[in-house]
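Numbering (my numbering), first residue to last: 7 to 223. Backbone N, C-alpha and C fix where the C-beta goes; we use that ideal spot for every residue, glycine too.
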Amino acid sequence: MAEEERNEPGKSQKITPIATANKKTDEEFIRDYIKPSQEWATWTHPLTQKPYSLEFLSSHELSKDDFRTCFGIIETTSGVDYKNSSVGWHPAMKRKEMKSPDLRYILVKDDGAVKGFTSLMPTFENHEPVLSGLGKQLMNQLITIAENIPSTKKVMLTCFTSNLNGLKFYEKLGFTKDGFSPRDRTLRGGKVVRPDYVILSRVTAHGGLDGELRAIN
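1) If you measure from the CB of G195, is any heavy atom of the ligand PLP nearer than 7 Å?
2) If you measure between the beta carbons of Y39 and A25, is that distance less than 8 Å?
3) What did DSSP end up calling I205 once you bin it into helix, strand or coil?
4) Can you tell which of Y88, D72 and A152 has its C-alpha closest to the C-alpha of K115?
5) Using C-beta distances below 7 Å, list every residue in its chain close to G118, excluding the 5 sequence neighbours before and after it, in chain order.
6) Could you spell out where the alpha helix (DSSP H) holding K142 opens and where it closes?
7) Where do the ends of the alpha helix (DSSP H) carrying K115 lie?
8) Thinking C-alpha only, which one of R74, T210 and P52 is nearest K100?
9) Tell me, to the nearest whole angstrom, how far the beta carbon of L6 is from that of R208; I am working on the premise that it is less than 8 Å.
10) Where S187 and I21 are concerned, what is the direct C-alpha to C-alpha distance, given to the nearest angstrom?
11) Tell me the DSSP bridge mates of R191?
12) DSSP state of G172, grouped into three classes?
13) Got a sec, what are the start and stop residues for the beta strand (DSSP E) L23 sits in?
14) Verify whether the separation of the beta carbon atoms of E218 and F77 is less than 8 Å.
15) Quick check: what's the CA-CA separation for L206 versus C165?
16) Where does T124 sit, in a helix, a strand or coil, going by DSSP?
17) Below 8 Å on the Cβ atoms is my guess for P23 versus I151; work out the distance and round it to an integer in Å.
18) Would you mind reading off the limits of the alpha helix (DSSP H) that contains T83?
19) Within a Cβ cutoff of 6 Å, which residues of the same chain sit near L113, ignoring the five residues on either side of it in sequence?
20) How is P57 classed by DSSP in three states: helix, strand or coil?
21) How big is the Cα-Cα spacing for H212 and P107?
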């Protein structure tokens, strides 16, 4: 990931907002990008009215038990889609990805036990800055962070085409197919091969110039 823009020799280097975001402590990140109200760390289920707590922390702060639970959630909810895709399911690679140094987590807990989570990473995707991920509440947190990092152009995420409910959910939140999403390929003989995943994005209100917030799943 590019962390700084290099200028001509003899000129000072310009630190990008993406690099600045990644250098912040969890407390600074919450203060500057989530800009929380007093209620930000709690979420109440709209049907059961059961309260849950939200925690924001870096990958290296994640406990072994919480990491194991998060990995289990991915394996349970997306393992089959991974196995049926061209990407394949590779547990060791997924664990390594989940421990990326710049990755941050928002955990949803009930009495200390993780019930859901999202992870994100401010980064550059195809030379554009992105914000790199419990349903609508968690996605709204990602959107808020993207809006508050000045250079972030859009929120990006990847979704399997077989996940129809997921695609509809993201569409309702304003996500559309990104220009960098893989396209259909026509093979010799005319056979069309369609990608088994799609890259979706949602442009920020301020339309940043060169950054993205990447939701990791």
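For this structure:
1) The ligand PLP is absent from the structure shown, which contains no ligand whatsoever.
2) Stepping through the sequence shown from its first residue, residue 39 is reached at position 33. Stepping through the sequence shown from its first residue, residue 25 is reached at position 19. For Y39 and A25, no; Cβs fall outside 8 Å.
3) Looking up residue 205 in the sequence shown gives position 199. If DSSP states are grouped into helix, strand and coil, I205 belongs with the strands.
4) Position 109 of the sequence shown, counting from 1, holds the residue named residue 115. Nearest of Y88, D72 and A152 to K115, Cα basis: D72.
5) As a first step, residue 118 must be located in the sequence shown, where it is residue number 112. If we look at G118 and ignore the five residues flanking it on each side, it has no Cβ neighbours.
6) Translated into positions along the sequence shown, residue 142 becomes position 136. Looking at the DSSP string, the run of the alpha helix (DSSP H) that includes K142 is K142 to N154.
7) On the sequence shown, residue 115 is found 109 positions in, with the first residue counted as 1. Going by DSSP, K115 is part of no alpha helix (DSSP H) but of the beta strand (DSSP E) stretching over R110 to D116.
8) As a working mapping, residue 100 is identified with position 94 in the sequence shown. Selected option, being the one with the closest Cα: R74.
9) The chain is shown from 7 up to 223; residue 6 falls before or after that span and cannot be answered.
10) Within the sequence shown, numbered from 1, the residue matching residue 187 stands at position 181. Within the sequence shown, numbered from 1, the residue matching residue 21 stands at position 15. Distance between the alpha carbons of S187 and I21: 29 Å.
11) Here residue 191 is taken as the residue at index 185 of the sequence shown, counted from 1. BP columns for R191 point to V199.
12) As a working note, residue 172 is residue 166 in the sequence shown. Three-state result, G172: helix.
13) The sequence position of residue 23 within the sequence shown is 17, counting from 1. The identity of residue 23 in the sequence shown is Pro, whereas the question assumes Leu. Per DSSP, P23 belongs to no beta strand (DSSP E); it is in the alpha helix (DSSP H), P23 to K29.
14) For the purposes of this step, residue 218 is taken as the residue at position 212 of the sequence shown. For the purposes of this step, residue 77 is taken as the residue at position 71 of the sequence shown. It is not a contact, given that the beta carbons lie outside the stated cut-off.
15) Here residue 206 refers to the residue found at position 200 of the sequence shown. Here residue 165 refers to the residue found at position 159 of the sequence shown. Counting only the Cα atoms, C165 lies some 7 Å from L206.
16) As a position in the sequence shown, residue 124 is number 118, starting the count at 1. Here T124 sits in strand by DSSP.
17) As a first step, residue 23 must be located in the sequence shown, where it is residue number 17. As a first step, residue 151 must be located in the sequence shown, where it is residue number 145. Wrong, their Cβ atoms sit about 12 Å apart, outside the cutoff.
18) Taking the first residue of the sequence shown as position 1, residue 83 is located at position 77. Residues K70 to K89.
19) For the purposes of this step, residue 113 is taken as the residue at position 107 of the sequence shown. So the list reads E61, V120 and F123, once near-sequence residues are dropped.
20) The sequence position of residue 57 within the sequence shown is 51, counting from 1. Strand, per DSSP.
21) Counted from its first residue, the sequence shown places residue 212 at position 206. Counted from its first residue, the sequence shown places residue 107 at position 101. Cα-Cα distance, rounded: 28 Å.
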